[in-house]
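Engineer: Quick note: the sequence shown uses the numbering used here, first residue 14, plus one each step. Glycine included, each C-beta is placed from N, C-alpha and C at the ideal position. Let me give you the structure first, and then I'll get to my questions.
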Amino acid sequence: MQHPVGSPLPPPHQPGHGPVPGWSPAAHHPGPPQGPAPVPPPAPGYPMAPRPVPHPGPAPVPHPGPAPAPHQPAPAPPAPDTTGHVPLPPGGPVAVPSVPPATAAAPDPTTTTLAVLLIGPAGAGKTSVAKYWADHRRVPTAHISLDDVREWVRSGFADPQTGWNEHSEAQYRLARRTCGFSARNFLANGISCILDDAVFPDRPVVGLGGWKRHVGPGLLPVVLLPGLDIVLERNAERSGNRRLTDEEVARIHGRMAGWYGSGLPIIDNSQLDIPETAHLLDEVLSRSIASPPNW
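Below, the structure is given as structure tokens:
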């Protein structure tokens with residue numbers, strides 16, 4: 014069956030089915046014809062060729078568009094921190110201990126938060142006394158050993174025994190600064206500290222001056238200085254890089270004698286055991302709190 018030129022084609026007829034319900038030519042042509050432009054009539058004398066009828070092809074399938082996003086539930090509130098959270102005050106320079114009034118009793122160093130620097134030559138017993146003193150206090154106390162922190166460096170450790178050079182000095186200063194930062198953080202959180210180091214009186218810039226910069230003016234230095242024969246005997250019991258030659262021990266001990274007359278408290282523990290030395294240290298610290306040394 015032919016259809017007028019420009020008329021819409023009905024949907025293709027499928028065997029066994031009638032026309033598609035709802036299809037109406039008027040629905041597809043609400044206005045003027047929208048087909049191709051009309052072909053002008055042929056010139057007179059020429060027959061007009063029949064216009065080919067385009068094949069309708071399959072009906073276009075409407076694009077469904079993007080699928081709607083699935084419904085996202087509201088985020089659940091964060092679970093409480095089951096491990097807890099303890100705010101830590103930042104460390105700051107340690108202030109000079111307040112001097113009690115003249116009518117007050119002598120301060121008890123065993124219950125006061127303190128920053129102590131125990132000075133002495135190799136073999137003076139600094140580490141042993143510092144550990145014992147920290148272990149037996151009635152308030153939280155930490156022991157920070159400069160030698161232990163220096164030996165945190167494993168590969169590339171610069172041992173001063175093999176020669177004092179820029180590498181050993183840099184690692185020494187780095188360890189001391191690390192100790193100072195640690196002490197300030199402990200003290201800011203109510204934990205006393207005792208540090209030990211072989212500080213020389215003839216090198217104030219890298220000695221006490223460095224410790225004062227890194228910890229604060231409230232640091233209380235105490236010198237532990239037994240006789241030369243005692244430090245030689247104790248040094249002989251050491252092993253590894255902690256053991257020095259007798260000549261080196263004697264040289265260090267001689268330089269430490271410069272602390273006499275410096276105004277710092279000095280403990281000669283030649284005839285004292287570790288508990289006795291720790292008890293005497295408390296007495297010295299009590300006097301230092303009442304009258305801080307000028308250093």
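Would alanine 128 and leucine 221 qualify as a contact pair, given that the criterion is a beta-carbon distance under 8 Å?
Structural biologist: It is not a contact, given that the beta carbons lie outside the stated cut-off.
Engineer: Which residue's Cα is closest to the Cα of glutamate 164: Thr191, Leu237, Ile204, Arg226?
Structural biologist: Thr191
Engineer: Based on the DSSP secondary-structure assignment, which residues constitute the bridge partners of serine 195?
Structural biologist: Paired residues: none, contrary to the question.
Engineer: Restricting to runs no shorter than 3 residues, where is the beta strand (DSSP E) found entirely within the segment 192 to 261?
Structural biologist: 205 to 210, 233 to 237
Engineer: In whole angstroms, give me the CA-to-CA distance for proline 306 and arginine 300.
Structural biologist: 9 Å
Engineer: Taking leucine 131 as part of the beta strand (DSSP E), name the residues at either end of that continuous run.
Structural biologist: Per DSSP, leucine 131 belongs to the beta strand (DSSP E) from 128 to 132.
Engineer: Taking the alpha helix (DSSP H) that histidine 292 belongs to, which residues open and close that run?
Structural biologist: For histidine 292, the enclosing alpha helix (DSSP H) stretches over residues 287 to 303.
Engineer: With a CB to CB cut of under 8 Å and the five nearest residues on each side skipped, what residues in its chain are close to alanine 270?
Structural biologist: Result list for alanine 270: Leu238, in chain order.
Engineer: In whole angstroms, give me the CA-to-CA distance for glycine 105 and leucine 187.
Structural biologist: 18 Å
Engineer: What does DSSP give as the partner residues of histidine 156 in its beta bridges?
Structural biologist: Ile207
Engineer: Rounded to a whole number of angstroms, what is the C-alpha to C-alpha distance between threonine 290 and arginine 247?
Structural biologist: 16 Å
Engineer: Let me know if histidine 266 comes out buried or exposed under the rule of 16 or more other beta-carbons within 10 Å of its beta-carbon.
Structural biologist: buried
Engineer: Return yes when the Cβ of valine 228 is within less than 8 Å of the Cβ of arginine 107, no when it is not.
Structural biologist: It is worth fixing the name first, because residue 107 is valine in this sequence and not arginine. Result yes, Cβ atoms of valine 107 and valine 228 sit closer than 8 Å.
Engineer: Going along the chain, which residues of its own chain have a beta-carbon closer than 7 Å to the beta-carbon of lysine 144, five neighbours each way excluded?
Structural biologist: His156
Engineer: Roughly how many angstroms separate the alpha carbons of valine 235 and isoleucine 280, rounded to a whole number?
Structural biologist: 8 Å
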